[in-house]
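Trainee: Chains as they are written, first to last, in the working numbering: chain F, 52 to 137; chain L, 52 to 137; chain E, 13 to 180; chain X, 13 to 180. Positions of the beta carbon are idealized from the N, C-alpha and C atoms, including for glycine.
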Amino acid sequence: MKTRIALYGALREADPSGHVELDVPVGCDIAGLRRLLIQHLQQHTPSIGAGLVERSAFASAEEILHDARSVPEGVELAVLPPVSGG
Amino acid sequence: MKTRIALYGALREADPSGHVELDVPVGCDIAGLRRLLIQHLQQHTPSIGAGLVERSAFASAEEILHDARSVPEGVELAVLPPVSGG
Amino acid sequence: MDGLHVAVVDIREAKLDIAAALDFVSDPRFGGIASFIGRVREHNLGRIVTGITYDLFEPLALNTFRAIGEKAREKVGEPLKLYIAHAKGDLGIGDPAVIVAAGTPHRDEAFRACRLAIEAVKHEAPIWKQEHYIDGDSAWSEGCSLCEEQREAERAQRHGEADHGHVR
Amino acid sequence: MDGLHVAVVDIREAKLDIAAALDFVSDPRFGGIASFIGRVREHNLGRIVTGITYDLFEPLALNTFRAIGEKAREKVGEPLKLYIAHAKGDLGIGDPAVIVAAGTPHRDEAFRACRLAIEAVKHEAPIWKQEHYIDGDSAWSEGCSLCEEQREAERAQRHGEADHGHVR
Chain F
52 MKTRIALYGA LREADPSGHV ELDVPVGCDI AGLRRLLIQH LQQHTPSIGA GLVERSAFAS
112 AEEILHDARS VPEGVELAVL PPVSGG
Chain L
52 MKTRIALYGA LREADPSGHV ELDVPVGCDI AGLRRLLIQH LQQHTPSIGA GLVERSAFAS
112 AEEILHDARS VPEGVELAVL PPVSGG
Chain E
13 MDGLHVAVVD IREAKLDIAA ALDFVSDPRF GGIASFIGRV REHNLGRIVT GITYDLFEPL
73 ALNTFRAIGE KAREKVGEPL KLYIAHAKGD LGIGDPAVIV AAGTPHRDEA FRACRLAIEA
133 VKHEAPIWKQ EHYIDGDSAW SEGCSLCEEQ REAERAQRHG EADHGHVR
Chain X
13 MDGLHVAVVD IREAKLDIAA ALDFVSDPRF GGIASFIGRV REHNLGRIVT GITYDLFEPL
73 ALNTFRAIGE KAREKVGEPL KLYIAHAKGD LGIGDPAVIV AAGTPHRDEA FRACRLAIEA
133 VKHEAPIWKQ EHYIDGDSAW SEGCSLCEEQ REAERAQRHG EADHGHVR
């Protein structure tokens, strides 16, 4: 399935559109999604290191999704680099 | 010497004028002044207990005067009951 | 001390002004501004309060506020701007009685300076509060002695109570 | 939660409003109001800053602010009013980036709620800061990971540093 991931903070530089779209196998968990995003960026935006994605969280509009969670179907997700508000 | 003492807080009730004037022997210290004030109030305003004066501090406009200090000459002092600002 | 503003404000002339306090402690170097406003509330110790009269020994209160500023600078370091103002006279419910604001580069120093200053205003400045109750009665609040011999004992007791409070 | 106001404010539409925050947390029951304003400052880590762009994932930021409100109520108890607002977009030096205000009957609870809330906003909310420097360069700030596996390690390290800081 296609999963759309909105980009924030330093990860916005991965795509000027503000999001990427990944092909995600059914049943894939967030840890798998993280690996897919790292591969995608290695191909398309090698300037963004894997370390940044490893320190980033995935989230829906409601909550952070931890590594063991399944990627929800038909929901736009967001990838959140380390935060620095205030 | 005559020493004028301004009254604050609950001690204002000791005299509607807002101050008392005591006859203080030369060389008297603040501890002595405290005893004189307690005597004065026992005569003039017995409703104010000695305990309140014992918990009160004496001060000039610049600083608190502790018990061992001499009563300064020609300076109006203030007697400060326990404070409750803010 | 530069960067320190202290005031006693007669309620008949003006109200305490939080916007002025925040302006005073602002600075391009500062990322953190912590402030505290103490207001007259409608209950105390189970009684309905209709107002509070604040009595101050003004020259010593201002001297005390300045000394608090010096102590805050010693504890949190430079740069720091600090504003301390206390109202005087007859206040109604909701009226601000005291304002403290502190500006510093980072937030931890601002919080520490603000807290230290309000605690010292409450425990060390010559200020007295007379509460007026709905039944027409009035009472001067019990407070902290400024008499050195009494203070140590009272301070020890106060800290003891605070500790118990935290453990609950 | 009643008594909680959370907002993300686009700088193109409005500035953060401290007066509105203080109004919101005021209440006849409350004697203490503690507030914090975080402002853009002109230096960071030795570089001259000309402005900051704040990026937020808004729906989750608002959810996080609400969760912070619940946590504050759990920690300091009732009654409490809490206001949390963060700016979004391109801010200049001195512009307020975040405002937190807490109102409670007594001052200790107000300070604790305010401090707890600003720490949580800084460490837990999906907000990113891009600093712009006088030489034309820009950089996204290093921050706190929201990824659970990373967080524990980073939090332990942060606390270690804070402890050292206090000992100095």
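Going along the chain, which residues of the stretch 109–142 of chain E sit with their C-beta nearer than 7 Å to a C-beta in chain X?
Mentor: For the stretch 109–142 of chain E, which is checked against every Cβ of chain X, the residues closer than 7 Å are 117, 119, 123, 127 and 130.
Trainee: Just to confirm, is the Cβ distance from residue 13/E to residue 115/E under 8 Å?
Mentor: The sequence position of residue 13/E within the third sequence is 1, counting from 1. The sequence position of residue 115/E within the third sequence is 103, counting from 1. Not in contact: residue 13/E and residue 115/E (Cβ atoms no closer than 8 Å).
Trainee: In the DSSP assignment, what are the bridge partners of residue 156/X?
Mentor: Numbered from 1 along the fourth sequence, position 144 holds the residue referred to as residue 156/X. 134/F, per the DSSP bridge assignment.
Trainee: At a CB-CB cut-off below 7 Å, which residues of chain X make contact with residue 115/F?
Mentor: The sequence position of residue 115/F within the first sequence is 64, counting from 1. The answer, in chain order, is 158.
Trainee: Can you find a C-beta in chain E that's less than 8 Å from the C-beta of residue 153/X?
Mentor: Start at 1 with the first residue of the fourth sequence, and residue 153/X comes out as number 141. No - not a single Cβ of chain E is within 8 Å of the one on residue 153/X.
Trainee: Let's see if you can read the secondary structure: which residues bound the beta strand (DSSP E) around residue 55/L?
Mentor: Walking along the second sequence from the start, residue 55/L turns up at place 4. Counting along the chain, the beta strand (DSSP E) containing residue 55/L begins and ends at 53–58.
Trainee: Counting C-beta neighbours from all protein chains within 10 Å, is the total for residue 122/E 16 or more, i.e. buried, or is it exposed?
Mentor: On the third sequence, residue 122/E is found 110 positions in, with the first residue counted as 1. By the neighbour-count rule (16 or more Cβ atoms within 10 Å), residue 122/E is buried.
Trainee: Using a threshold of 8 Å, state whether the C-beta atoms of residue 131/F and residue 69/X are closer than that.
Mentor: Walking along the first sequence from the start, residue 131/F turns up at place 80. Walking along the fourth sequence from the start, residue 69/X turns up at place 57. Result yes, Cβ atoms of residue 131/F and residue 69/X sit closer than 8 Å.
Trainee: Does the structure place the stretch 45–57 of chain E close enough to the stretch 94–107 of chain E that three or more beta carbon pairs sit under 8 Å?
Mentor: Contact between the stretch 94–107 of chain E and the stretch 45–57 of chain E is present, because at least three Cβ pairs lie under 8 Å.
Trainee: Let me know the secondary structure DSSP gives residue 76/E once reduced to three states.
Mentor: Numbered from its first residue, the third sequence carries residue 76/E at position 64. It is helical.
Trainee: Excluding five sequence neighbours on each side, which residues of the same chain lie with their C-beta closer than 6 Å to the C-beta of residue 95/X?
Mentor: In the fourth sequence, counting from the first residue as 1, residue 95/X sits at position 83. Hits under 6 Å: 17, 33, 36, 37 and 113.
Trainee: With a CB to CB cut of under 6 Å and the five nearest residues on each side skipped, what residues in its chain are close to residue 95/F?
Mentor: As a first step, residue 95/F is located in the first sequence; it is residue number 44 there, counting from the start. Within the same chain, residue 95/F has no close Cβ partners at all.
Trainee: For residue 69/E, which three-state DSSP category applies?
Mentor: For this step, residue 69/E is matched to residue 57 along the third sequence. Residue 69/E falls in the coil class under three-state DSSP.
Trainee: Taking contact to mean at least 3 C-beta pairs separated by less than 8 Å, is the stretch 56–75 of chain F in contact with the stretch 84–94 of chain F?
Mentor: Verdict: yes, contact present.
Trainee: Check whether the stretch 60–77 of chain X and the stretch 127–140 of chain X touch, using three or more Cβ-Cβ pairs below 8 Å as the test.
Mentor: At 8 Å Cβ cutoff, the stretches touch.
Trainee: Would residue 51/E pass as an interface residue toward chain X - the criterion being a Cβ-Cβ separation below 8 Å?
Mentor: Here residue 51/E refers to the residue found at position 39 when the third sequence is read from its first residue. Taking Cβ atoms only, chain X reaches closer than 8 Å to residue 51/E, which makes this a yes.
Trainee: From the DSSP output, which residues share a beta bridge with residue 116/X?
Mentor: Taking the fourth sequence and counting its residues from 1, one reaches residue 116/X at position 104. Looking at the DSSP assignment, residue 116/X forms a beta bridge with 44/X.
Trainee: Using 8 Å as the threshold, is the stretch 92–109 of chain L in touch with the stretch 115–126 of chain F, meaning 3 or more CB pairs across them?
Mentor: Contact between the stretch 92–109 of chain L and the stretch 115–126 of chain F is absent, because fewer than three Cβ pairs lie under 8 Å.
Trainee: Ends of the alpha helix (DSSP H) at residue 35/X?
Mentor: Working through the fourth sequence from its first residue, we reach residue 35/X at position 23. That run of the alpha helix (DSSP H) goes 30–37.
Trainee: Is the beta carbon of residue 43/E closer than 8 Å to that of residue 117/E?
Mentor: Taking the third sequence and counting its residues from 1, the one referred to as residue 117/E is at position 105. Taking the third sequence and counting its residues from 1, the one referred to as residue 43/E is at position 31. Cβ atoms of residue 117/E and residue 43/E: closer than 8 Å.
Trainee: At 9 Å on the CB atoms, spell out the chain E contacts of residue 55/X, in chain order.
Mentor: One-based indexing of the fourth sequence puts residue 55/X at position 43. Simply 40, 41 and 117.
Trainee: Does residue 98/F get closer than 8 Å to chain X when you measure Cβ to Cβ?
Mentor: As a position in the first sequence, residue 98/F is number 47, starting the count at 1. No, no contact with chain X.
Trainee: Return no unless some Cβ of chain X is closer than 8 Å to the Cβ of residue 105/E.
Mentor: Taking the first residue of the third sequence as 1, we reach residue 105/E at position 93. Answer yes: the Cβ-Cβ gap between residue 105/E and chain X drops below 8 Å somewhere.
Trainee: Which residues of chain X have a Cβ atom closer than 7 Å to the Cβ of residue 30/E, listed in chain order?
Mentor: The residue you call residue 30/E lines up with position 18 of the third sequence. Neighbours of residue 30/E on chain X, chain order: 34.
Trainee: Which residues bound the alpha helix (DSSP H) around residue 144/E?
Mentor: In the third sequence, the residue the question calls residue 144/E occupies position 132. Here residue 144/E belongs to no alpha helix (DSSP H); instead the beta strand (DSSP E) covers 139–145.
Trainee: What residues in its chain sit with their C-beta under 6 Å from that of residue 119/E, if we drop five residues either side in the sequence?
Mentor: Within the third sequence, residue 119/E is the residue found at index 107, counting from 1. Cβ within range, chain order: 44.
Trainee: So the alpha helix (DSSP H) residue 104/L belongs to, where does it begin and stop?
Mentor: The residue given as residue 104/L occupies position 53 in the second sequence. First-last of the alpha helix (DSSP H) with residue 104/L: 101–105.
Trainee: Who are the neighbours of residue 72/X on chain F, taking C-beta pairs under 9 Å?
Mentor: As a first step, residue 72/X must be located in the fourth sequence, where it is residue number 60. What residue 72/X touches in chain F: 110, 111, 112, 113, 114, 115, 129 and 131.
Trainee: Taking all protein chains shown into account, decide if residue 31/X is buried (16 or more other Cβ within 10 angstroms of its Cβ) or exposed.
Mentor: Locating residue 31/X in the fourth sequence gives position 19, where the first residue counts as 1. So residue 31/X counts as exposed.
Trainee: Could you check whether residue 93/E and residue 149/E sit closer than 8 Å to each other, using their CB atoms as the reference points?
Mentor: Residue numbering aside, residue 149/E sits at position 137 when the third sequence is read from its first letter. Residue numbering aside, residue 93/E sits at position 81 when the third sequence is read from its first letter. Cβ distance not < 8 Å, so residue 149/E and residue 93/E don't count as in contact.
Trainee: Alpha helix (DSSP H) containing residue 16/E: first to last residue?
Mentor: In the third sequence, counting from the first residue as 1, residue 16/E sits at position 4. Taken as a continuous stretch (DSSP letters only), residue 16/E belongs to no alpha helix (DSSP H), being part of the beta strand (DSSP E) at 16–22.
Trainee: Suppose the cutoff is 6 Å on Cβ atoms and the five residues either side in sequence are ignored; what does the same chain contact list for residue 132/E look like?
Mentor: The count along the third sequence starts at 1 and reaches residue 132/E at position 120. For residue 132/E, where only same-chain residues beyond five positions count, the Cβ hits under 6 Å are 80.
Trainee: For residue 133/L and residue 151/E, I'd like the C-alpha separation in whole angstroms.
Mentor: Here residue 133/L corresponds to residue number 82 of the second sequence, with the count starting at 1. Here residue 151/E corresponds to residue number 139 of the third sequence, with the count starting at 1. If you take the alpha carbons of residue 133/L and residue 151/E, they lie about 13 Å apart.
Trainee: Chain X beta carbons: is any one of them nearer than 8 Å to that of residue 60/F?
Mentor: For this step, residue 60/F is matched to residue 9 along the first sequence. Output row for residue 60/F: interface = yes.
Trainee: So, residue 74/E versus residue 21/E, is the Cβ gap smaller than 8 Å?
Mentor: In the third sequence, residue 74/E corresponds to position 62, counting from 1. In the third sequence, residue 21/E corresponds to position 9, counting from 1. Not in contact: residue 74/E and residue 21/E (Cβ atoms no closer than 8 Å).
Trainee: Relative to the alpha-carbon of residue 147/X, which residue among 46/X, 62/X and 153/X has its alpha-carbon at the smallest distance?
Mentor: By one-based count along the fourth sequence, residue 147/X stands at place 135. The option with the nearest alpha carbon to residue 147/X is 62/X.
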